[in-house]
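2 protein chains.
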Amino acid sequence: MKFSIKKTSLHKVLSSVGRASSTFSPLPILSGIKFDLRNDALTLIASDSNISIKETIYASKDNELNISEEGSVVLESRYILESVRKLDSDIIHLEIIDGALTRISGNHAEYMINGSKSDLYPNIDFTKPEASFKVPGRTLKEVIDQTAFVCSTSEDRPIFTGVNFKTDGNLLHCVATDSYRLAKKVVDLGVEMDFNISVPASNLYEVAKSIQDGNDVEIAVSDKLVQFYVEDTLIQSRLIDGIFPDVNRLIPSEFGFELLISKSHFITAIDRSSFLKSEGYWTVKLEASQDTIELSSKSQEIGSSQEVLNPIEYKGGFLKISFSGRYMMEALKSFKHDEILIKFVGEMQAFVLIDSKDDSILQLVLPVRTFD
Amino acid sequence: MKFSIKKTSLHKVLSSVGRASSTFSPLPILSGIKFDLRNDALTLIASDSNISIKETIYASKDNELNISEEGSVVLESRYILESVRKLDSDIIHLEIIDGALTRISGNHAEYMINGSKSDLYPNIDFTKPEASFKVPGRTLKEVIDQTAFVCSTSEDRPIFTGVNFKTDGNLLHCVATDSYRLAKKVVDLGVEMDFNISVPASNLYEVAKSIQDGNDVEIAVSDKLVQFYVEDTLIQSRLIDGIFPDVNRLIPSEFGFELLISKSHFITAIDRSSFLKSEGYWTVKLEASQDTIELSSKSQEIGSSQEVLNPIEYKGGFLKISFSGRYMMEALKSFKHDEILIKFVGEMQAFVLIDSKDDSILQLVLPVRTFD
Numbered sequence: 151m152k153f154s155i156k157k158t159s160l161h162k163v164l165s166s167v168g169r170a171s172s173t174f175s176p177l178p179i180l181s182g183i184k185f186d187l188r189n190d191a192l193t194l195i196a197s198d199s200n201i202s203i204k205e206t207i208y209a210s211k212d213n214e215l216n217i218s219e220e221g222s223v224v225l226e227s228r229y230i231l232e233s234v235r236k237l238d239s240d241i242i243h244l245e246i247i248d249g250a251l252t253r254i255s256g257n258h259a260e261y262m263i264n265g266s267k268s269d270l271y272p273n274i275d276f277t278k279p280e281a282s283f284k285v286p287g288r289t290l291k292e293v294i295d296q297t298a299f300v301c302s303t304s305e306d307r308p309i310f311t312g313v314n315f316k317t318d319g320n321l322l323h324c325v326a327t328d329s330y331r332l333a334k335k336v337v338d339l340g341v342e343m344d345f346n347i348s349v350p351a352s353n354l355y356e357v358a359k360s361i362q363d364g365n366d367v368e369i370a371v372s373d374k375l376v377q378f379y380v381e382d383t384l385i386q387s388r389l390i391d392g393i394f395p396d397v398n399r400l401i402p403s404e405f406g407f408e409l410l411i412s413k414s415h416f417i418t419a420i421d422r423s424s425f426l427k428s429e430g431y432w433t434v435k436l437e438a439s440q441d442t443i444e445l446s447s448k449s450q451e452i453g454s455s456q457e458v459l460n461p462i463e464y465k466g467g468f469l470k471i472s473f474s475g476r477y478m479m480e481a482l483k484s485f486k487h488d489e490i491l492i493k494f495v496g497e498m499q500a501f502v503l504i505d506s507k508d509d510s511i512l513q514l515v516l517p518v519r520t521f522d
Numbered sequence: 151m152k153f154s155i156k157k158t159s160l161h162k163v164l165s166s167v168g169r170a171s172s173t174f175s176p177l178p179i180l181s182g183i184k185f186d187l188r189n190d191a192l193t194l195i196a197s198d199s200n201i202s203i204k205e206t207i208y209a210s211k212d213n214e215l216n217i218s219e220e221g222s223v224v225l226e227s228r229y230i231l232e233s234v235r236k237l238d239s240d241i242i243h244l245e246i247i248d249g250a251l252t253r254i255s256g257n258h259a260e261y262m263i264n265g266s267k268s269d270l271y272p273n274i275d276f277t278k279p280e281a282s283f284k285v286p287g288r289t290l291k292e293v294i295d296q297t298a299f300v301c302s303t304s305e306d307r308p309i310f311t312g313v314n315f316k317t318d319g320n321l322l323h324c325v326a327t328d329s330y331r332l333a334k335k336v337v338d339l340g341v342e343m344d345f346n347i348s349v350p351a352s353n354l355y356e357v358a359k360s361i362q363d364g365n366d367v368e369i370a371v372s373d374k375l376v377q378f379y380v381e382d383t384l385i386q387s388r389l390i391d392g393i394f395p396d397v398n399r400l401i402p403s404e405f406g407f408e409l410l411i412s413k414s415h416f417i418t419a420i421d422r423s424s425f426l427k428s429e430g431y432w433t434v435k436l437e438a439s440q441d442t443i444e445l446s447s448k449s450q451e452i453g454s455s456q457e458v459l460n461p462i463e464y465k466g467g468f469l470k471i472s473f474s475g476r477y478m479m480e481a482l483k484s485f486k487h488d489e490i491l492i493k494f495v496g497e498m499q500a501f502v503l504i505d506s507k508d509d510s511i512l513q514l515v516l517p518v519r520t521f522d
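Order-wise, the sequence lines are chains A and B.
If you want the working numbering, it's the 1-based position in the first sequence plus 150.
If you want the working numbering, it's the 1-based position in the second sequence plus 150.
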């Protein structure tokens, strides 16, 4: 293997695939990036058991890829990344010197990195499933931003660590929940599809990072895996086993109280009480009536906070409800517009947050019981 | 106690004294800040066993300090800081409501913070020692920047965790060492003083943070403590017990090799090999001759790096010497100018670094033995 390439082009794809390499894998070679140089293209692959990323670079005037000799090798992800980043040269030269010992050079500096032979690297199957569709990158990014943060980080119930994507004719229902809150986003695919899959939130974040606004992303789905084709990057994720519960019955449809409020104003007010934490957790109490809307928080140890809110509109009688400050802030932050409608059923009932200018997204939060 | 004050003024002094409060002290009240409101001034004090900071604010048009009722209280450092930071108001009102329960309010929001009574706070003696002198803030900051980084962070030999300040007539010798390297800075005080003290590096960093260029800092010294008067801030540090060794005999005076090199060029070159670490440590080998100057580094596990340097000038025959990459980089970074002269005695001898435009500062580094 021997080639030269523009430093910026190589660094970009190495950073991209490097995200899938794993330092903690029981298989040490998976902490590396597999280089495969053929004919007219350089392919880079990294993978752990959870996510695999493949980058293909075709020789172009832009990347100045110049192939002298085909071949392949596996290089430790962090070392090859650091080597390329630190070389002070526009063009980087890579060459296998002996077995898997690889020279990376540029200008008057060079590295010799101990690699591994590529036949030791497990074979990753990137075959494209038949069922596939396209969505605008911007839409996919929005789906991820508005739902994935809700997912549970605990492995107690693995199904809750991912976002569920379920088709209903042309519509894609994207739902995430950790059993204390829920996010639901509906997207029109413009084409009829039929699948019901749950994708790990952590892998969706990697997809979101790869998306540049403007272009479409192709998504291919099988019953084992999902593939995201983002420009020249292919991100392949495992699916989470298990059946995602039907959450639609949890979303109330009749409400007795409605609070229309500025998102930014409400976030600042909740944030003001955020240091009144007990064991990392803080509860905020909302007391609303036609006269005044008050927000308060209390910690036995530290003290208390109190604040009068300035809503756009409030409909309903006296309401007292307590909730997690963090959950409310995160739900509010997920909306694109500033005017948010919060609809309550009653003191101990789940409430929903809606963007008054975008009905594709809904957030639901369960209240917290307090003793005052 | 009841007063109001400009938010920015209060936040500034709270951040300043807060640095001395200790969350880990065996005496819980030391995690607080003592407020003392008298006549025409608000005094804030925080302290751990190591460092004490006192801020005094006199009522002025600038800070809008408005005193309604004298009094004192101790408030938990992080809570009072967060309260003041998060209140969305130009003016902050502080008032003891009941015992030590304190209201902090601004605009339409308020906090109630559980404080402690001030008579529970230990009495910190801020009496000014007789011996004192002034130095420009800029000079003091430079002394700290150029020496304190060398200090040891291990408590094995406490005397090496501080910078030694020793007078010699008008001259102040500032020396730091961790027994593998050494920094020496000499400052002309313009006045004859007589002391020999060692001040913890961590406290000197706090002093450096308080210094705004342009003003003088007054330093008062006793055999127990040292005080730094930086504008309205008084920082008082304990001294380190023990006798600082005489290091002058360690500094060689005759050299066989001289390398004049650009600091930035040399730093980048050393940094290029910085990921070839074994157990957090990396050794760089310099091979110099009249023909070529080469830098190389090697890690059994990872691989190696090699680079040809472009010095300004080299005097001497063939020299091979190895050193810690980190120590060399830190020594180089301490200099103000770019042209650095490195003077070597021989392969296994300590070498010194000198700023060719500033003879007040010298860095010394011990070489590392290697087996190739």
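Beta carbons are placed, not taken as given, at the ideal position from N, Cα and C, and that holds for glycine.
| Check | Outcome |
| --- | --- |
| Three-way DSSP call (helix, strand, coil) for residue 245(B) in this model | strand |
| Residues from the segment 479-493 of chain A in contact with chain B, defined by Cβ distance under 8 Å | none |
| Exposure of residue 331(B), with buried meaning 16 or more beta-carbon neighbours within 10 Å | buried |
| Complete beta strand (DSSP E) runs within the segment 385-419 of chain B (minimum length 3 residues, chain order) | 407-412 |
| Positions along the segment 248-263 of chain B whose CB lies within less than 7 Å of some CB in chain D | Of the protein chains in the structure, A and B, none is chain D. |
| Three-state class that DSSP yields for residue 225(B) in the structure shown | strand |
| Closest Cα partner of residue 212(A) within the set 157(A), 247(A), 170(A) and 285(A) | 157(A) |
| Spatially closest choice to residue 185(B) from 174(B), 175(B) and 152(B), by CA coordinates | 152(B) |
| Reference residue 340(A); option with closest CA among 373(A), 215(A), 376(A) and 286(A) | 286(A) |
| From 382(A), 449(A) and 463(A), residue whose alpha carbon lies closest to that of residue 208(A) | 382(A) |
| Any C-beta of chain A under 8 Å from that of residue 153(B) | no |
| Residues of the segment 405-429 of chain A with Cβ closer than 9 Å to any Cβ of chain B, in chain order | 418, 419, 421, 422, 423, 424, 425 and 426 |
| Candidates 429(A), 324(A), 166(A) and 159(A), of which the one nearest residue 385(A) by Cα | 166(A) |
| Pairwise C-alpha distance: residue 159(A) and residue 297(A) | 32 Å |
| Cβ of residue 458(B) within 8 Å of any chain A Cβ | yes |
| Proximity test, Cβ basis, 8 Å: residue 239(B) and chain A | no |
| Three or more C-beta pairs below 8 Å linking the segment 335-353 of chain B and the segment 416-428 of chain B | no |
| CB contact below 8 Å: residue 330(B) versus chain A | no |
| Contacts of residue 452(A) in chain B (Cβ-Cβ under 8 Å) | 226, 229, 263 and 264 |
| Chain B within 8 Å of residue 387(A), Cβ atoms only | no |
| Supposed contact pair residue 263(B) and residue 227(B) - C-beta distance, whole angstroms, cut 8 Å | Wrong, their Cβ atoms sit about 11 Å apart, outside the cutoff. |
| Chain-order list of residues whose beta-carbon lies under 8 Å from that of residue 267(A) (same chain, five-residue window excluded) | 223, 224, 249 and 250 |
| Assigned secondary structure, residue 230(B) (DSSP; H/G/I helix, E/B strand, else coil) | helix |
| Residue 502(B) classed as buried or exposed, judged by whether at least 16 other C-beta atoms fall within 10 angstroms | buried |
| Listed by chain order, chain B residues near residue 245(A) by CB distance under 9 Å | Here the premise fails: no neighbours, minimum Cβ distance about 13 Å. |
| Burial state of residue 458(B) (16 or more Cβ within 10 Å) | exposed |
| Candidates 300(A), 465(A) and 179(A): closest to residue 270(A) by CA position | 179(A) |
| is_contact[residue 219(A), chain B] using C-beta, thresh 8 Å | no |
| Closer than 8 Å to chain B by CB, residue 232(A) | yes |
| At least three beta-carbon pairs within less than 8 Å, the segment 395-404 of chain B to the segment 429-443 of chain B | no |
| Spatial distance of residue 482(A) from residue 492(A) (CA atoms) | 10 Å |
| Member of 504(B), 456(B) and 362(B) whose CA lies at the smallest distance from the CA of residue 478(B) | 504(B) |
| Touching by the beta-carbon criterion (3+ pairs, under 8 Å), the segment 446-460 of chain A and the segment 371-378 of chain A | no |
| Residue 246(A) vs residue 256(A) beta-carbon contact at 8 Å | no |
| The beta strand (DSSP E) enclosing residue 156(B), as first and last residue numbers | 152-156 |
| Alpha-carbon spacing of residue 467(B) relative to residue 273(A), whole angstroms | 54 Å |
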